[in-house]
Each structure stands twice: as C-alpha cells, then as structure tokens.
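If you're matching positions, the sequence shown starts at 65 in this note's numbering and goes up one per residue.
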Amino acid sequence: MSLYAGFDCSTQSLSVVVIDAGRRTVVYRDSLPLAEPFVANDQVVVHASPEMWAAALETMLGRVAANVDGRDIRAISGSAQQHGSVYCGPHPDTLTRETSPIWMDSSTARECAEIETALGGASAVALLTGSRAFPRFTGPQIRKFWRDEPEMYARTARIHLVSSFLASRLTGAHAPVDHADASGMNLMDIRTREWSAAAMAATAPGLREKLPPLVPSSTVIGTLGARWQERFELPPLRIVAWSGDNPCSMIGTGLVHEGQLAVSLGTSDTIFGPMREPRVSSDGTGHVFASALGEYMGITVFRNGSLARERVRDPFGWTWDDFSKALRQTPAGNGGALMLPWFEPEITPPVRQPSVVRVGLDRATPAQEARAIIEAQMMTLSAHSAWMGVTPRAILATGGAAANRDILQVMADVFAVDVHQFHTRESAALGAALRAWQADSGLDWPTVVRGFATPPASGRLRPIPEHVRTYQDLQRRYMALEASALA
Ligand code: ADP
Ligand code: XUL
Numbered sequence: 065m066s067l068y069a070g071f072d073c074s075t076q077s078l079s080v081v082v083i084d085a086g087r088r089t090v091v092y093r094d095s096l097p098l099a100e101p102f103v104a105n106d107q108v109v110v111h112a113s114p115e116m117w118a119a120a121l122e123t124m125l126g127r128v129a130a131n132v133d134g135r136d137i138r139a140i141s142g143s144a145q146q147h148g149s150v151y152c153g154p155h156p157d158t159l160t161r162e163t164s165p166i167w168m169d170s171s172t173a174r175e176c177a178e179i180e181t182a183l184g185g186a187s188a189v190a191l192l193t194g195s196r197a198f199p200r201f202t203g204p205q206i207r208k209f210w211r212d213e214p215e216m217y218a219r220t221a222r223i224h225l226v227s228s229f230l231a232s233r234l235t236g237a238h239a240p241v242d243h244a245d246a247s248g249m250n251l252m253d254i255r256t257r258e259w260s261a262a263a264m265a266a267t268a269p270g271l272r273e274k275l276p277p278l279v280p281s282s283t284v285i286g287t288l289g290a291r292w293q294e295r296f297e298l299p300p301l302r303i304v305a306w307s308g309d310n311p312c313s314m315i316g317t318g319l320v321h322e323g324q325l326a327v328s329l330g331t332s333d334t335i336f337g338p339m340r341e342p343r344v345s346s347d348g349t350g351h352v353f354a355s356a357l358g359e360y361m362g363i364t365v366f367r368n369g370s371l372a373r374e375r376v377r378d379p380f381g382w383t384w385d386d387f388s389k390a391l392r393q394t395p396a397g398n399g400g401a402l403m404l405p406w407f408e409p410e411i412t413p414p415v416r417q418p419s420v421v422r423v424g425l426d427r428a429t430p431a432q433e434a435r436a437i438i439e440a441q442m443m444t445l446s447a448h449s450a451w452m453g454v455t456p457r458a459i460l461a462t463g464g465a466a467a468n469r470d471i472l473q474v475m476a477d478v479f480a481v482d483v484h485q486f487h488t489r490e491s492a493a494l495g496a497a498l499r500a501w502q503a504d505s506g507l508d509w510p511t512v513v514r515g516f517a518t519p520p521a522s523g524r525l526r527p528i529p530e531h532v533r534t535y536q537d538l539q540r541r542y543m544a545l546e547a548s549a550l551a
C-alpha cells in the first residue's frame, strides 16, 4: 500500500487527510480546532503562536501514527495559512519572536508605502512580485519587525512562513520555502522564482541571509526527523515541501487547467484558478502566485468571510440551519437592499477600518440581514475576480461554509454558472496529500487528481435564470455603492 499524508494548518484548525494512492481513496481524515487561533487586540494587529501550530501538528502526527500503519506511508506534505512569518534562531526549535503576525494583520500600511516607493510604485511591485505591496504580505511585516525591534531582528537567523516552519519542525532542520507560498511575500521575482535583490533591499537590511532557499513545490526536502521516528515508531518518511493553503486547495479541488475556478469559503473567502502566464491585475486587487503545478495561479482574497457571516448570525442565536432557512425565506435581490460587509478591515477592496454600510436595511428583519451579507459577499467575489479574465463553465466551492447549499445557491445565481459543492473543508489537506504523492511518484497532475477531486453529482447547484437577471442589475448598484464608500 502507498499512503500519503497531507496536513493543513489553517487559521482555525489543524487537519489531516491520508490517501491510499493505489485505491484512490481517503483512508484517514481528522481535524482539531486551534485553542486560540489568533490574538487581535484591535483587529489591525493580529498575531498567533507558532508553538501552538507546532503542538497541534505533533498531536495530529501522533493520531495518524495510531490510526494507519506508518510503514505504508511513503511521504508527507502540508499546507498552511499563507503570509504569516515565524522568526527563528539558528535552529527551528528556537524562536526569536514569540508570536507571528498572520494574514489578518493589516498594520503595515506605512511599510507597504515605503516598499512601493523604493521599487517604483505599486504597479512595478506587482509586475516584479505578482502583487502590489499588501499589509499582510511577509515583506512589509518583516520591515515592520526590523523597524520596531531591530535587536530581535538582528538576532533572527531564519525567517520562515508558517508552511516552511512546520516542515522544519518535521525534518528537524531549517526547511526551504516553496515557490507558491513564497509568492505571498512581495520578495520573490514571480518570473525567475528567485529572491529579488531589489525587493529585499527595499524591505530590510541583511535579509538575504535570513530567508530560506526557494524550491519548486514538488521538492522532496528531507526525511522525518529522528525524534518523530522514535516517538511515534514511524520510518524515515519522505517530507515534501509544504505550501500555502490556497495553492494546496487548488490542487485538492482538482484544478489543473486555465479557465477552471474555485471559491473557498473559509475564515477568508478566496477565489482562484490556474493561469499559464503571470497576468497581474491592473487595478491592484488580485495576486499572481506561482502554482504548485509549476505555472501560475490567480487569486483574490477577502478578509470578511466566515467570521463576518458569524457576526451576522451569532446575535440572533441561530444555528447554520436557521441561517439557511433565512436565506430560503427571503427573495433574491433582497428588495433592493444592500450591505457593504466590512465588519473587519478588508483586503479587497482595501478598507482600513471596519465600516459596515447598510442601504435599505433600517428596519431589516434578521433574515434580510442574513441575505444582505451573503449577496454582498458573492457580488464582491464576482466583481473582484473579473481581472483574471476567466469565464468559468462551473465553480468548485470548498471551505467550511461550502457545507451550506443555500449560500452556494446565491453563488450560482450571482456568477450565473453551476456551482459544485466539494467535500467541504478538506481541499487544502487533500491537496497537500496529492502533492506528496505527485512529488514521490513523478506522475502528471491530471492523473494524480483524477478521481480524488471529482465532486459528487448530488452537490451541483444550478443558477436560476430569474435570479441571475436580478443580480446583474444589483451588482452594478453594489459596485457603485462600493466606489462611493471608498471615495
Ligand atoms: P479555515 O480553514 O480558514 O480555518 P474552514 O474552511 O474550516 O476555515 O471554515 C471554518 C468556518 O466555516 C467557520 O468559521 C464557520 O463560520 C463556517 N461554517 C461551518 N459550517 C457552516 C455552514 N453550515 N454554513 C456556513 N458556514 C459554516
Ligand atoms: C491568502 C490569504 C488567506 C490565508 C488564510 O492570500 O491571505 O487566504 O491564506 O487562509
């Protein structure tokens, strides 16, 4: 038997999927919630504990060893929330900074402006690194650390992403960063896939020695460290480079050709798909990442995803079933009411301070509030992914909220295409397991994803023509409202 394990350290949980490559089936899946996934004092500075991630990984490795025959596991890979940076000493077991700024941190507007100025403007940064400078991206975060805590910066021997940090803990030595996750740093030249000397110079002094080497996502980077082999009676399994959760989800949802699109409704909402060429967005909203497939991927990210949906649901004391019922009880278009759902600072479009705008919702019922946020989220997903220039034939939906068919119906109606409900939540962990298999076997991607990533026919939602027409009009009004709110 050839088993492959994929871990996913996402924002709120740590999951694992173990696949049997020969039988093309999942043989083990498990998930544990992170006790304190992040600390956000003011919604602007948002940090998490690297040791919490490492402890969760250790627990999960133990569960895998207890539930499958470790001698059958050929390789392990992983997925992690993107952009977060971990500051280490000479060995990955020692940290020089107790906490990591994570992707929800938006405290580096000043550093973004400085980096963009040094590199010739936002468009120049986007052309070089695939994205203009974004507050959550690792380069601006490193610059802030260097400015705020120069001594601790000087003492830092290696700066990891969450993905490469956890890979390091598995091998017991500093791991490289894969091209896909490195694309979320504003530090890698997106075309040559090397650290950019200009970007490093614009970020912080002495950075080159602190950054890990870069490798293709399909690189076998080492074997499981002796400590874990002894502790869990595991063989010296191959460890494949870890990557970011969105690049892994793209593999896990089986997207291997340009023109395919997936939406992940997790803590963040994201929309992404493969790209052959690095066509950056001219309006500065989206990102081009290197893809684990070897080419590129386009992606747009929204911070007000699941936590914003919970902000609407929780005050009513509702379950998700109640929330779904509310969506079914209200008409598409919500009688013309609109909401700009910025409960937290927003990434797309950039909104620095939380500000929820309501139009026609003064005397709204709870059900109308629920519909307003879902319609807003689907319209913003649709409008801000147009830069990718993709007219999809269908959309694959994944992430925690993809369990909700009533949310997905609004998605189908707004995008005017079929939506396929994927095995919810686990696409990133599955993608990591598939990457482990592909790296170990050298098989081509369509062969690797076939069968694993086919959503069940029962999970298909078709657009309702009348609703599609309603949203064509509403979306124009939504974008006009957004433009005036931003102005
Ligand atoms: P992440 O991987 O970013 O940590 P997940 O993809 O696991 O997050 O999604 C977790 C979120 O899924 C929860 O915060 C919750 O709001 C949401 N969720 C779970 N079930 C449902 C449901 N039935 N309807 C809507 N949202 C849901
Ligand atoms: C991607 C992003 C988030 C995180 C957490 O750019 O910021 O999607 O990867 O999932």
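We put the beta carbon where it would ideally sit given N, CA and C, even for glycine.
- With 16 or more other CB atoms across the displayed protein chains lying within 10 angstroms of its CB, H487 is buried.
- In the DSSP assignment, the residues bridged to P338 are M361.
- Inclusion of Q76 in the 7 Å shell around the ligand ADP follows from its C-beta lying nearer than that to a non-hydrogen atom of the ligand.
- Straight through space, the alpha carbons of D426 and A130 are spaced by roughly 55 Å.
- With 16 or more other Cβ atoms from the protein chains shown falling within 10 Å of its own Cβ, M314 counts as buried.
- Excluding residues up to 5 positions away in sequence, V327, T364, L445 and S449 lie with their Cβ nearer than 6 Å to the Cβ of I335 in the same chain.
- Taking the C-beta atoms as reference points, G337 is found nearer than 8 Å to M452.
- For H484, the enclosing beta strand (DSSP E) begins and ends at D482 to Q485.
- When C-alpha distances from V352 are compared across V532, S79, A261 and R196, the shortest belongs to R196.
- Here R302 has R138, A139, V284, T287 and D504 as same chain residues with Cβ atoms under 7 Å from its own Cβ, once five neighbours each way along the sequence are excluded.
- Selection T193, V82 and M65 evaluated against V344 yields T193 as nearest (Cα-Cα).
- Distances between the C-beta of W384 and the heavy atoms of the ligand ADP include at least one below 7 Å.
- For G464, the shortest separation between its Cβ and any heavy atom of the ligand ADP lies below 7 Å.
- Nearest to M475 by alpha-carbon distance, out of T220, L391, D386 and S260, is L391.
- Cβ atoms of P456 and Q293 stay farther apart than 8 Å, at about 45 Å.
- Between the ligand XUL and the CB of W167, the shortest heavy atom gap is smaller than 7 Å.
- DSSP, read as helix, strand or coil, puts L329 in strand.
- Taking each of A104, C152 and R422 in turn and checking the Cα distance to R541, the smallest one comes out for R422.
- Excluding sequence positions up to five before and after S74, its CB lies within less than 8 Å of the CB of S143, A144, Q145, D309, G330, T331 and A492, all in the same chain and listed in chain order.
- Spanning the alpha carbons of G270 and R469 requires a straight line of approximately 50 Å.
- Cβ atoms of V376 and I437 come within 8 Å of each other, at about 5 Å.
- In this structure, DSSP gives G126 a helical state, which the three-state scheme calls helix.
- Annotated three-state conformation of E213 is coil, per DSSP.
- Residue environment for T511: exposed (fewer than 16 other C-beta atoms within 10 angstroms of its C-beta).
- Setting aside the 5 residues that flank it on each side, V189 is surrounded in the same chain by E180, L183, R196 and A197, each with a C-beta closer than 6 Å to its C-beta; the list follows chain order.
- Shown here for G153: same chain residues with a beta carbon closer than 6 Å to its own, the five before and five after excluded, namely T160 and A221 in chain order.
- Distances taken from the Cβ of H111 to the heavy atoms of the ligand XUL include none shorter than 7 Å.
- With respect to Y92, V150 sits apart: the two C-beta atoms are not nearer than 8 Å.
- Of A85, P165, H147 and T89, the smallest CA-CA separation from V109 is found for P165.
- Pairing T172 with P409, the inter-Cα distance amounts to about 13 Å.
- Using a Cβ distance threshold of 8 Å, E175 and R207 count as a contacting pair.
- By the criterion of a C-beta distance shorter than 7 Å, P519 is surrounded in its chain by L460, H484, Q485 and F486, once the five residues flanking it on both sides are discounted.
- Comparing alpha-carbon positions, the option among E273, H531 and S187 lying closest to G348 turns out to be S187.
- For F229, the enclosing alpha helix (DSSP H) covers residues V226 to T235.
- Here the alpha carbon of A261 sits roughly 52 Å from the alpha carbon of G381.
- Annotation: the stretch 82-120 contains the following complete segments of the beta strand (DSSP E) (minimum length 3 residues), in chain order: 89-97 and 110-112.
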